[in-house]
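According to UniProt numbering, the sequence shown holds residues 1 to 256 in order.
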Amino acid sequence: MSNGVSQSVQSSNADSDPILDTLRVFTSGNNKNCYNFAASKGERVLVRASFNYGNYDGKSSPPTFDLQFDGNFWTTVETSNDKVVTHEVTYVVKRDVISVCVAQTKSGQFPFISALEVLSMDSDIYRSADSNYALLLKSRVAYGADAIIRSPTDYDRIWNPAILGRGQINFTDDSLNFAVQDLPLEVLQNAITTASTSDNLILASGFPSNVVSVYIVIAKIRCKEFEGKMHIEEKITVMGAFECVPAPTEEKMVKE
Numbered sequence: 001m002s003n004g005v006s007q008s009v010q011s012s013n014a015d016s017d018p019i020l021d022t023l024r025v026f027t028s029g030n031n032k033n034c035y036n037f038a039a040s041k042g043e044r045v046l047v048r049a050s051f052n053y054g055n056y057d058g059k060s061s062p063p064t065f066d067l068q069f070d071g072n073f074w075t076t077v078e079t080s081n082d083k084v085v086t087h088e089v090t091y092v093v094k095r096d097v098i099s100v101c102v103a104q105t106k107s108g109q110f111p112f113i114s115a116l117e118v119l120s121m122d123s124d125i126y127r128s129a130d131s132n133y134a135l136l137l138k139s140r141v142a143y144g145a146d147a148i149i150r151s152p153t154d155y156d157r158i159w160n161p162a163i164l165g166r167g168q169i170n171f172t173d174d175s176l177n178f179a180v181q182d183l184p185l186e187v188l189q190n191a192i193t194t195a196s197t198s199d200n201l202i203l204a205s206g207f208p209s210n211v212v213s214v215y216i217v218i219a220k221i222r223c224k225e226f227e228g229k230m231h232i233e234e235k236i237t238v239m240g241a242f243e244c245v246p247a248p249t250e251e252k253m254v255k256e
């Protein structure tokens, strides 16, 4: 990338990766600046773009701009004074190149980028999702974990620890020694449960109010043994509708 100017943030986020302390900002007047990567047609990839404003320009005025992939609108990036903003998409490449662009949409608000990662994934991950759809990450949560889980053996996906609510209990099962396809062992070793069988687990999604298609994965592992006969009934309510989910939450799926 020859365009843009390299800058360093003035206020570093203690919780962020040091690599995000630098950025490239585009002030040349071009409406769109792009990064291109070689790819194999039909390959499934994970693309993650991170933005850490950090008051690099001393104006305390974080910009807003658009993010695009392969010529498609991805999202509007609303950066923050004190938080790292990250957007992630998983999709099947339709050409032999991947293009990620930042586009200026407001006068005087210059787009920038702190980190851009492109990771190849196994073809059978998210295999039940239509390959013509892009999976735009809404949330990826490791319930019961007390720290971010991130592993190179899991395509470097970032699993955020849950914020437990009232009436919920988290526990760890170190005896678990197997991973489920698409899910790393470190995530499956942590879980949350209710204090009572009459309580509900409420897992906030934050989905938008408009109609969208969603791709949800819920991993459930029974870690306790029960004596005698027992009838277990589970209901999962999604946006007010009841659905039965046998087992394998995670991606938001939107067709551009």
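Even glycine gets a Cβ: it sits at the ideal position worked out from N, Cα and C.
Everything numeric in this text was worked out from a predicted model, so none of it was measured.
Over the uninterrupted alpha helix (DSSP H) stretch that includes residue 117, give me the two end residues.
No alpha helix (DSSP H) contains residue 117, which is instead part of the beta strand (DSSP E) from 115 to 121.
Taking only three categories from DSSP, how would you classify residue 58?
Reduced to three states, the DSSP call for residue 58 is coil.
Assign residue 148 to one of two classes, buried (16 or more other C-beta atoms within 10 Å of its C-beta) or exposed (fewer than that).
Flag for residue 148 reads exposed.
What is the residue span of the alpha helix (DSSP H) that residue 283 lies within?
Residue 283 falls outside the range modelled here, since the chain spans only 1 to 256, and no answer is possible.
For a quick check, are the C-beta atoms of residue 36 and residue 118 less than 7 Å apart?
No, the Cβ-Cβ distance between residue 36 and residue 118 is not below 7 Å.
Using the Cβ count rule (16 or more neighbours within 10 Å means buried), how would you classify residue 33?
Buried.
What residues match up with residue 18 in a beta bridge as DSSP calls it?
Answer is none; residue 18 lacks a bridge partner.
Hey, would you say the C-beta of residue 198 is under 6 Å away from at least one heavy atom of the ligand FAD?
The ligand FAD is not part of the structure shown, which contains no ligands of any sort.
Considering residue 201, what are the terminal residues of the beta strand (DSSP E) in which it resides?
Where residue 201 is concerned, there is no enclosing beta strand (DSSP E), given that its DSSP letter is neither H nor E.
Could you pull the start and end residues of the beta strand (DSSP E) that residue 137 belongs to?
Segment 134 to 137, the beta strand (DSSP E) holding residue 137.
Considering only the beta carbon of each residue, do residue 218 and residue 182 sit closer than 7 Å?
Not closer than 7 Å, so no.
Which residue from 189, 93, 20 puts its Cα closest to that of residue 121?
Residue 93 is the option with its Cα nearest to residue 121.
Could you check which residue in 146, 53, 66, 10 has the C-alpha nearest to that of residue 162?
When each option's Cα is compared against that of residue 162, the closest is 146.
Excluding sequence positions up to five away, which residues of its chain have a Cβ less than 6 Å from the Cβ of residue 82?
Closer than 6 Å at the Cβ level, and outside the excluded window around residue 82, lies no residue.
Around the C-beta of residue 220, are 16 or more other C-beta atoms found within 10 angstroms, so that it is buried, or is it exposed?
Counting Cβ neighbours within 10 Å, residue 220 comes out exposed, since fewer than 16 surround it.
Say whether the segment 76 to 90 touches the segment 39 to 52, bearing in mind that this needs 3 or more beta-carbon pairs closer than 8 Å, one atom from each stretch.
Cβ pair count under 8 Å is three or more, so yes.
Counting only the same chain and skipping the five closest in sequence on each side, list residues whose C-beta sits under 8 Å from that of residue 200.
Contacts found: 194.
Three-state secondary structure (DSSP) at residue 211?
If DSSP states are grouped into helix, strand and coil, residue 211 belongs with coil.
Could you tell me which residues DSSP pairs with residue 75 in its beta bridges?
Bridge partners of residue 75: 67.
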